[in-house]
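Participant:
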Amino acid sequence: MDKEQMPPKSVMEIGPPPDFDTSRSKRCFLDVSFGALPEHKLDLYLPEEGEGPFPLIIYVHGGGWSFGTKRACALDAVFDATMSGWAVSSVDYRLVPGAQFPEFIYDVKTAVRFLRACAEMYKLDPERFVIVGDSAGAHIAMMTGFTANHPEYEGEHLGWAGVSSEVQAVCAMYGPAVLDADESAWRRESNLPPPRFDSGRGLVYERIFGARTKALLRMISPISYVHKDIPPLFLQHGREDSIVPYQHSVMLAKRVAEVCGEDRCTLRLYEGRGHADAAFTQPGNCAELLEFLDGLFYE
Numbered sequence: 185m186d187k188e189q190m191p192p193k194s195v196m197e198i199g200p201p202p203d204f205d206t207s208r209s210k211r212c213f214l215d216v217s218f219g220a221l222p223e224h225k226l227d228l229y230l231p232e233e234g235e236g237p238f239p240l241i242i243y244v245h246g247g248g249w250s251f252g253t254k255r256a257c258a259l260d261a262v263f264d265a266t267m268s269g270w271a272v273s274s275v276d277y278r279l280v281p282g283a284q285f286p287e288f289i290y291d292v293k294t295a296v297r298f299l300r301a302c303a304e305m306y307k308l309d310p311e312r313f314v315i316v317g318d319s320a321g322a323h324i325a326m327m328t329g330f331t332a333n334h335p336e337y338e339g340e341h342l343g344w345a346g347v348s349s350e351v352q353a354v355c356a357m358y359g360p361a362v363l364d365a366d367e368s369a370w371r372r373e374s375n376l377p378p379p380r381f382d383s384g385r386g387l388v389y390e391r392i393f394g395a396r397t398k399a400l401l402r403m404i405s406p407i408s409y410v411h412k413d414i415p416p417l418f419l420q421h422g423r424e425d426s427i428v429p430y431q432h433s434v435m436l437a438k439r440v441a442e443v444c445g446e447d448r449c450t451l452r453l454y455e456g457r458g459h460a461d462a463a464f465t466q467p468g469n470c471a472e473l474l475e476f477l478d479g480l481f482y483e
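In the numbering used here, the protein residues as written are 185 to 483.
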């Protein structure tokens, strides 16, 4: 079969990336327990200088909801923010098959509540929390941001009940956002058919979420949770992404504009970039993110 005819890989076929080198940080807290379960661990990296309180980026790793760790090398996408006065926390969460939707959202929200409850101890600004994710982590980040303080998605039994899980911005890199699009809607935005259950993407959704119906796909789609009070949203997606096509971000941005107004979402599309492209972890990409955040918090 010619290369051009090869079907797109699923997120399951890519495999785990190498680890992030934690020795790059001179001021960090590693393997901090934030909740009731063994998987509930996070790393926290502080700027090398200053006494805070520091604004915080909470990073959620990708990996098809089934692999990856808080030390995935994609942490490079945000780590450089520590040189610009930001703290960065990277969070572990339960993975499939040991976890089911929405348990990984419970885990990340528990981490948000922990960090807010302990903000003074860690020199964090609890009013400037930003959640960032890539791929499956972007899905979790969007769900976390869009369902803040929603009882069905809180998981307060895991710890820090009564503390807000709100974040003040959401940044999603190449994240699946519209898992329930019907064929006509999908083709309006894409030259690709919608995910089928006999395709790589469809099989992933069925395995991860048990979703074989449109209603279930809608329930796990971040676009379904857009409301007028969602936090500002920054979307990045490569036009050559064959695993999570960029139309996910296009359709989500349109929905946010309809519900919240044009200024609530910033969408950046990149020619020549594929899924988890190395360009997303380069310093210039972090600079784009910080430019967006500076516009929110410092102008």
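Glycine included, each C-beta is placed from N, C-alpha and C at the ideal position.
Applying the 10 Å Cβ sphere with the 16-neighbour rule, what's the burial state of Glu-446?
Facilitator: Position 262 of the sequence shown, counted from the first residue, corresponds to residue 446. Looking at its Cβ environment, which holds fewer than 16 other Cβ atoms inside 10 Å, Glu-446 is exposed.
Participant: Considering only residues of the same chain and omitting the five flanking positions on each side of Ile-289, which have a CB-CB separation below 8 Å?
Facilitator: By 1-based counting over the sequence shown, the position of residue 289 is 105. So the qualifying residues of the chain are Ile-324, Met-327, Thr-328, Thr-331, Tyr-337, Gly-339.
Participant: For Pro-191, which residues from the same chain have a beta carbon less than 6 Å from its beta carbon, with the 5 sequence-adjacent residues on both sides left out?
Facilitator: Counting from 1 along the sequence shown, the entry for residue 191 is found at position 7. Caution applies to Pro-191, whose pLDDT of 42 falls short of 50 and renders its modelled position unreliable; the model cannot decide the point.
Participant: DSSP on Ser-408, reduced to helix/strand/coil?
Facilitator: For the purposes of this step, residue 408 is identified with residue 224 of the sequence shown, where counting begins at 1. Here Ser-408 sits in helix by DSSP.
Participant: Kindly indicate which residue of Val-362, Ile-392, Asn-469, Arg-208 has the alpha-carbon position closest to the one of Gln-284.
Facilitator: Reading the sequence shown from its first residue, position 100 is the one you call residue 284. It is Ile-392 whose Cα lies nearest to the Cα of Gln-284.
Participant: Name the one or two DSSP bridge partners that Glu-420 has.
Facilitator: For this step, residue 420 is matched to residue 236 along the sequence shown. The sequence shown places Gln at residue 420, rather than the Glu named in the question. For Gln-420, which the question treats as bridged, DSSP gives the partners Met-357, Arg-452.
Participant: Per DSSP, which residues does Cys-212 bridge with? Please list them.
Facilitator: If you number the sequence shown from 1, residue 212 lands on position 28. Its beta-bridge partners are Tyr-229.
Participant: Where does Asp-291 land, buried or exposed, given buried means 16+ other C-beta within 10 angstroms?
Facilitator: Numbered from 1 along the sequence shown, position 107 holds the residue referred to as residue 291. When all chains shown are included, Asp-291 counts as buried.
Participant: For the beta strand (DSSP E) holding Gly-317, just list the boundary residues, first then last.
Facilitator: On the sequence shown, residue 317 is found 133 positions in, with the first residue counted as 1. Per DSSP, Gly-317 belongs to the beta strand (DSSP E) from 308-318.
Participant: What is the DSSP secondary structure of Ile-392, counted as helix, strand or coil?
Facilitator: Taking the first residue of the sequence shown as 1, we reach residue 392 at position 208. Note: Ile-392 maps to helix in three-state DSSP.
Participant: What residue from Ala-322, Arg-278, Pro-231 has the CA that sits closest to Thr-294's CA?
Facilitator: Along the sequence shown, one-based indexing puts residue 294 at 110. Cα-wise, what sits closest to Thr-294 is Arg-278.
Participant: Name the two residues that bound the continuous beta strand (DSSP E) containing Val-272.
Facilitator: Your numbering for residue 272 matches position 88 in the sequence shown. Val-272 -> beta strand (DSSP E) spans 271-275.
Participant: Nearest to Glu-287 by alpha carbon, out of Lys-307, Ile-315, His-224?
Facilitator: On the sequence shown, position 103 is the one that residue 287 refers to. Among Lys-307, Ile-315, His-224, the Cα nearest to that of Glu-287 is on His-224.
Participant: DSSP state of Pro-286, grouped into three classes?
Facilitator: As a first step, residue 286 is located in the sequence shown; it is residue number 102 there, counting from the start. Pro-286 falls in the coil class under three-state DSSP.
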